[in-house]
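Read left to right, the sequence shown gives residues 2 to 203 (the numbering used here).
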Amino acid sequence: MDQALSNEQIDTIGEIANISMGNSATTLSMMVNRKVDITTPNVSVIKRSESLDDYAKTCVFVQIHYVKGLTGNNVLILKENDVKVMTDLMMGGDGTNTAGDISELHLSAASEAMNQMMGASATSLSMMLGVPTDISTPIVNKIDVDSVKIFEKSFETEYEFFVKIAFRITIGDLIDSVMVQLYPVQFAREMCAKFMANEAES
């Protein structure tokens with residue numbers, strides 16, 4: 002099966018991602034009471050074996066699967082300090098209370114932020130594709146050897162090629178992280194087709 006996507010499909014995926022992640026940024030912005038900026042997405046096709054390449058030096062990742070309407074994963078990669086800053090902001094602080102180790106409180110805040118962000122994103126995707134969507138409860142892991150194995154296991158599928166959509170996400174000068182969405186190539190094609198069909202009807 003041809004693994005390439007046409008330029009039009011890549012543009013469409015970028016557009017869909019841009020709109021849905023724009024809604025996520027707005028949601029996060031309300032949670033941390035700060036302006037959140039998300040860059041234009043970088044869309045590429047990668048082999049499954051490359052899906053961990055960005056994870057070498059990061060510490061916390063939160064992943065969410067679509068359980069209805071769509072097939073794919075959303076992964077938010079956060080540096081340990083980013084999680085502490087975000088937690089402090091969510092609790093009404095100024096983002097500077099970051100002493101000590103990562104605790105359950107930090108992981109639960111990262112999970113809640115991702116849950117709200119991806120909930121907003123799923124709602125907007127649902128409207129754009131004309132398909133009801135739903136997401137799983139977030140799975141939060143502090144990166145270590147075991148959690149990387151868990152992460153790899155979630156990609157034990159028959160799919161060899163994935164579309165990787167990477168965004169840079171910044172909150173003032175406090176946070177600078179990457180958010181990655183990974184979809185099987187077959188699913189990305191299907192998403193483009195649904196988007197085009199829905200656009201044509203509206």
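Backbone N, C-alpha and C define an ideal beta-carbon position, used for all residues, glycine too.
Since the structure is predicted, the reported quantities are computational estimates derived from the model, not experimental observations.
Contact with chain D by residue i, beta-carbon distance below 7 Å
i      : result
Ile176 : In the displayed structure, chain D is absent; only one protein chain is listed.
Nonlocal neighbours in the same chain, by C-beta distance under 6 Å from residue i, ignoring five residues either side
i      : result
Gly96  : Val86, Asp89, Leu90 and Leu175
Leu108 : Val141
Cys193 : Gln10 and Thr13
Ser25  : Met118, Ala121 and Ser122
Gly173 : Arg35
Supposed contact pair residue j and residue i - C-beta distance, whole angstroms, cut 8 Å
i      : j      : result
Met129 : Ile20  : 7 Å
Thr134 : Tyr67  : 6 Å
Met115 : Val61  : Not quite, the Cβ-Cβ distance comes to about 10 Å (not below 8 Å), so this is no contact.
Gly101 : Gln182 : About 31 Å separates the two Cβ atoms, so there is no contact after all.
Of the residues the options, the one placed nearest residue i, counting alpha carbons only
i      : options                           : result
Ala198 : Leu126, Gly131, Leu108 and Leu77  : Gly131
Met180 : Glu105, Thr13, Ile11 and Ile65    : Ile65
Leu71  : Thr171, Phe168 and Ser125         : Ser125
Glu105 : Lys143, Glu200, Gly93 and Ser45   : Lys143
Thr40  : Phe196, Ser203, Ser178 and Glu200 : Ser178
Ile17  : Phe168, Gly173 and Ile172         : Phe168
Ser45  : Leu6, Val63 and Phe62             : Leu6
Thr171 : Gly15, Met22 and Asn8             : Met22
Ala110 : Gln182, Met92 and Ile136          : Met92
Cβ shell of residue i (< 7 Å), same chain only, five flanking positions each side left out
i      : result
Gln117 : Thr28 and Met32
Ser30  : Lys36 and Val37
Ser127 : Gly70, Pro133 and Thr134
Residues near residue i by beta carbon distance below 8 Å, same chain, minus five either side
i      : result
Thr99  : Asn82, Lys85, Val86 and Asp89
Gly15  : Thr41, Pro42, Val44 and Ile166
Ser137 : Ile65, His66, Tyr67 and Val68
Quick test of the definition: if touching needs 3 or more C-beta pairs under 8 Å, does the stretch 160-174 touch the stretch 183-193?
yes
At least three beta-carbon pairs within less than 8 Å, the stretch 76-83 to the stretch 35-43
no
At 3 residues or longer, and completely inside the stretch 17-53: list those beta strand (DSSP E) runs for me, N to C.
37-39 and 43-48
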